[in-house]
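One structure below.
Here's what the structure looks like:
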């Protein structure tokens, strides 16, 4: 048994593996290949910024998961995963950025070595980093049949363990610290990138628990802080210009600890906002309250969205789209867990210790309001907001 | 013509489009779909952390490029791209995280609207964010024939313009500032994440040029700073533990400006290094000098690698793999340009104003040495290191 310091107990990893095997059986998958870095980490502990080359984890009918990646990342696996080195395999750099050979040929050889060449193989057709070419090469190499196992593991991650919640609470504390720091420094004339620099510093510096420091981690989405009409476009980042007075800026950010996220968004208005702004704020807050109140075990994800949309409808505010998604461990490019959505048509039943980012942002043509919460579903009653930070539009003038 | 502040002149964007159309013709591609965010940005100016949902740019036989993405990101496109709004198209949130419909169905409708349904369509089979599922849906929707256009645009980006080089020099200045700051604060007992926090702060704070500040941008790879035997695994990030004395740590980082990168890696030894360390350092430095000297117009990428490996061979040091890759504009997960490689077998002929990260790291079993340079190929003579920072192993004791 390798001497590796893990973020979770071996029992917890064993439970996860069992959960995944049960889901595989249900989906008719005999061997599962996952290359979604968050799935890899959740299943094996694997950690590293190596998902820009082909890599993955194989889960066969028995035994431990099998790590497969570039040689130098296989070394990383021996330092972060719980599996024995016998189940950690590397390929040479000849397979990296080559037009002559493809890493999936090496993976196919490995699958044959394990005797799984005739198994029903599940692949994540729509998860990140499984390229169209990777799929094409696997199809040419192996007999299959192949099963689309998109999000199979992601669904297993929905209900969080106590340790996962502990990490998410730390992430939530970091999110609070980030917003407090933003509120201190954000003022007319400050350069946008200076604000982003402080956000990063605060995020990675981390937090404190019973007098003991803990660190922040890389976020799966970079801080977003668009101002004024930029905020109507949801995913702009920052520039190096001074922040103008009499404008609204939202801060879409997440504290992260051991790759677990707890996003929290707030909006700051510099100067005196026009009358429409507090009106929209009040409607948003009422909608958020309604959503949180509907976010309880036994209700559906759709119920949460409907409660929020009902408030908007009552006030004649129109909006389209999702207003939330499950959250937990993640790597770039997305901190969402990519299973259910908080939208009226979603029938997923909420269970205790599911966690999601309730994200009822209101993007107007010339400004945007983001006041959001990361929520945990309780055994009973309304959901628990994981951060403790004033839920309002902040005005500085 | 939309009133958008662009990072490059419209003439430069027009030149790029022309270059891509020439490459398309050579590859027999009539309509090209790119979803690699760095290709999208280079071609159109599009900027935003939105590549976690399906999006892309279509280049048809004539006219401007066509932006296609989620509705809220289409708004982002109107604020960052040079094209007219008539060439910017959005899809509704119904297509996001849906098992009933796929965004590529929407894209197929758009392709039909433009009258391109019978065109030879190029898709980036092996670039980022083109999922196996996306390809499958496109194949089912359209007649094709489809052509693998992986890296077609990436290759067009190899030779940098004056403005691109200006941005890269700024990025290179940021890289220097980051290393100077690291050297100041790195000492036994400091928490790893505190160091990472300062690296981020310095990177985003940016630099100064003729008394005018410029900002740093998000890096396509997060800072890597493994210590001791962790450094044998190339892609570990950081933890929240104190840095031990008598250990080596490498810092694989890049300053970034307007999404242009100029990576620069250095290694710091805390305490007194064992004799093997300065010996390896001397070999590495000799190898780097040899590589830089071979990095000149008319030589091949392979010549650079061979010059480096010849030095290693003379000293009996073994190493496998690539020792560099082209560099420029990029978004996560990789700052490399993903075309040629600095390795002995690569026959790519180097041209003036090509830029690459010469990355001859030496990963030992129990430590790692990274001393690297971002190089620009000159009209004649050895390549220009874009940063100006002491090229050596730093020892603090």
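Residue numbers (the working numbering), protein chains in the order written: chain A, 1 to 397; chain B, 398 to 794. Idealized CB from N, CA, C, for every residue including glycine. Every value quoted in this text rests on a predicted model; they were computed, and no experiment measured them.
*Are the C-beta of residue 445 (chain B) and some C-beta of chain A separated by less than 8 Å?*
yes
*Confirm, please, whether the CB-CB distance from residue 435 (chain B) to residue 728 (chain B) is below 8 Å.*
yes
*Could you name the residues of chain B that residue 73 (chain A) contacts, counting a contact when the two beta carbons are closer than 9 Å?*
630, 631 and 632
_Using only the alpha-carbon positions, how far apart do residue 643 (chain B) and residue 767 (chain B) sit?_
17 Å
*Indicate whether the contact test is met: 3 or more Cβ pairs, each with one atom in the segment 662-676 of chain B and one in the segment 571-590 of chain B, closer than 8 Å.*
yes
*Of all the CB atoms in chain A, is at least one closer than 8 Å to the CB of residue 727 (chain B)?*
no
*Would you kindly check if the distance between the Cβ of residue 29 (chain A) and the Cβ of residue 122 (chain A) is under 8 Å?*
yes
*Close Cβ partners of residue 516 (chain B) (< 6 Å) along its chain, the five nearest in sequence each way excluded*: 427 and 428
*Residues of the segment 202-214 of chain A with a CB closer than 9 Å to any CB of chain B: list them in chain order, please.*
202, 203, 204, 205, 206, 213 and 214
*asked:* Determine, for residue 478 (chain B), whether the minimum Cβ-Cβ distance to residues of chain A falls below 8 Å.
replied: no
*Using a Cβ-Cβ cut-off of 8 Å, state whether residue 551 (chain B) counts as contacting chain A.*
no
_CB contact flag (residue 159 (chain A), residue 192 (chain A), <8 Å)_ = no
*Distance between residue 607 (chain B) and residue 195 (chain A) (C-alpha atoms, nearest Å)*: 22 Å
*Starting from residue 465 (chain B), trace the alpha helix (DSSP H) both ways and give me its first and last residue.*
Note, residue 465 (chain B): premise wrong, no alpha helix (DSSP H); beta strand (DSSP E) at 463-467.
*Is the Cβ of residue 618 (chain B) closer than 8 Å to any Cβ of chain A?*
yes
*What separation, rounded to the nearest whole angstrom, lies between the Cα atoms of residue 387 (chain A) and residue 264 (chain A)?*
8 Å
_Among B:646, B:491 and B:612, nearest to residue 628 (chain B) - alpha-carbon criterion_ = B:646
_Selected residue, minimal CA-CA separation from residue 363 (chain A), among B:460, B:470, B:402 and B:455_ = B:470
*If we call anything under 8 Å between Cβ atoms a contact, is residue 175 (chain A) one with residue 335 (chain A)?*
no
*Less than 8 Å between the CB atoms is what I'm expecting for residue 177 (chain A) and residue 207 (chain A), so what's the real figure, rounded?*
6 Å
*Does the count of Cβ pairs from the segment 134-147 of chain A and the segment 41-50 of chain A closer than 8 Å reach three?*
no
*If we ignore side chains and look at the alpha-carbon of each, how far apart do residue 548 (chain B) and residue 736 (chain B) end up?*
6 Å
_Continuous alpha helix (DSSP H) stretch holding residue 162 (chain A): start and end_ = 162-185
*With respect to the alpha helix (DSSP H) encompassing residue 81 (chain A), which residues constitute its N-terminal and C-terminal limits?*
Element bounds for residue 81 (chain A): n/a, residue is neither H nor E.
*Note the first and the last residue of the continuous alpha helix (DSSP H) segment covering residue 312 (chain A).*
301-314
*Starting from the C-beta of residue 570 (chain B), find all residues in its chain whose C-beta is less than 6 Å away, skip the five residues before and the five after it, and write them out in chain order.*
604
*Of all the residues that make up the segment 117-137 of chain A, which are near chain B by a beta-carbon distance shorter than 9 Å?*
123, 124, 125, 126, 127, 128, 129, 130, 131, 132, 133, 134, 135 and 136
*Confirm, please, whether the CB-CB distance from residue 529 (chain B) to residue 149 (chain A) is below 8 Å.*
no
*Give the secondary structure of residue 57 (chain A) by DSSP, where H, G and I count as helix, E and B as strand, and everything else as coil.*
strand
*Relative to the C-alpha of residue 509 (chain B), which residue among B:455, B:402 and B:472 is closest?*
B:455
*Going by the beta-carbon positions, is the gap between residue 743 (chain B) and residue 698 (chain B) smaller than 8 Å?*
yes
*Starting from the beta carbon of residue 363 (chain A), find every residue of chain B whose beta carbon is closer than 7 Å, and list them in chain order.*
469
_Suppose you measure from the CA of residue 84 (chain A) to the CA of residue 69 (chain A); what does that come to, to the nearest Å?_
15 Å
*For residue 448 (chain B) and chain A, any beta-carbon pair shorter than 8 Å?*
yes
*When you compare each of B:770, B:410, B:525 and B:651 to residue 690 (chain B) by their alpha carbons, which one comes out closest?*
B:770
*Run down chain B in chain order and give the residues with a C-beta less than 7 Å from the C-beta of residue 96 (chain A).*
719
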